[in-house]
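In UniProt numbering, the protein residues as written are 1 to 366. Each residue gets a CB set at the ideal place from its N, CA and C atoms; glycine is no exception. Keep in mind that this is a model prediction, so the values were computed, not measured.
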């Protein structure tokens, strides 16, 4: 285990555990589990400001707790098994609600996702709620920390999608119309490695969705924190593009989302309207659509992106887009549905600012 230098331990102890307000100290004495919230704040500070070489890494929350309590045993009351209390705190912390944002670009085609510094999974910018903090304030604070975007004034408290993942409430507020030219830079160190605009059409709606494998060369499991929101989000955007205001679009997308769960993913026409899949077929619930084996695993023009090496420069992208037509219609249940798309091959240019840490030498636009 990595050993934290004594001077850093002393600084963390003095800053976060010794000189805390009197009422907070009394609260910690009555309920020792409360102490771990202060240790967590110390660990965040340690990760942000005390790790000189992120590639080497440091200690996790448990490791820092262990070293702090060994160095300053007076923190732990006599007769208290701090490891049992730590497990109790972890269970409580794991059930803490999270606030995040679904940030949609001005063309309703992309959303902003972030990737943690020590993993390859993508998620919505956001995080866990602090004590006595509202979910709105939590989402605004976390997005500011992770992306550098101050969107507090753009949050509509009633426009959000709720999901329960592992018994934990995850609330994502919907923010529309953010220009892709917005400057992206995290406000904390060693937490966010990359901030990237992803095409909504390319993101999976379930764990067995092959869309990210074919278009992003990435496993659906890398988006498991995003998947619970994607089905309703695609329906919401469809409603917004049809002219409905946000509140009505949200309620209608929720209704359609519940309805679609009773149908096969391949049979419900509303679920994948934004997937830009090449479809020109008549499908019945009793007949499965034929899959073109040659198309699976084959590369398409929109899978490649020329690297400029510089953030903010024009990047040439080859896109294979399907333009939805008014001929699209669909029914679910025991009825047939027909989908017809007009396929257009377009060579286009985008100005997409993307943050990438020093550890990564390329930037992305998915």
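task: Excluding the 5 residues preceding and the 5 following residue 102 in the sequence, name in chain order all residues of the same chain whose CB lies nearer than 8 angstroms to its CB.
output: 111, 124, 161, 172, 173, 174, 175, 229 and 233
Residue of 108, 77 and 239 minimising C-alpha distance to residue 177:
108
Identify which residue in 150, 147 and 136 has its Cα closest to the Cα of residue 156. 136
task = From the DSSP output, in three-state form, read off residue 368 for me.
result = In the structure as shown, the chain begins at 1 and stops at 366. Residue 368 is therefore absent and cannot be evaluated.
Point to revise | Under 7 angstroms between C-beta atoms of residue 147 and residue 126 | key: In this structure, residue 126 does not lie closer than 7 angstroms to residue 147 by Cβ.
### Query
Do you know how far the Cα of residue 238 is from the Cα of residue 40?
Distance between the alpha carbons of residue 40 and residue 238 is about 41 angstroms.
For this session: Please name the residue in 191, 207, 188 and 211 whose C-alpha comes closest to that of residue 199.
Result: 211
* To do: Taking 7 angstroms as the cut-off, decide whether the C-beta atoms of residue 257 and residue 231 are in contact.
  => yes
query = From residue 189 to residue 115, what does the alpha carbon distance come to, in whole angstroms?
reply = 13 angstroms
_Using the three-state DSSP reduction, which class does residue 164 fall into: helix, strand or coil?_
strand
Here's the rule: buried if 16 or more other CB atoms are within 10 angstroms of the residue's CB, otherwise exposed. What is residue 67?
buried
Checklist entry - Is residue 8 helix, strand or coil by DSSP? => result helix
Q. With residue 38 and residue 20 assumed to form a contact (beta carbons below 8 angstroms), what rounded beta-carbon distance in angstroms separates them?
A. 6 angstroms
Quiz item: In chain order, what residues of the same chain have a beta carbon less than 7 angstroms from the beta carbon of residue 144, not counting five sequence neighbours either side?
Solution: 150 and 187
Suppose you measure from the CA of residue 46 to the CA of residue 86; what does that come to, to the nearest Å?
19 angstroms
Margin query: Out of 222, 225 and 252, which one is the CA nearest neighbour of residue 236?
Written below: 252
**Asked** What is the DSSP secondary structure of residue 213, reduced to helix, strand or coil?
**Response** Residue 213: helix per DSSP, three-state reduction.
message = If you measure between the beta carbons of residue 100 and residue 140, is that distance less than 7 angstroms?
response = no
Point to revise | Reduced DSSP secondary structure (H/G/I, E/B, other) of residue 199 | key: For residue 199, the secondary structure class from DSSP, reduced to helix, strand or coil, is strand.
- Minimum C-alpha distance to residue 203 - residue among 27, 191, 192 and 217: 217
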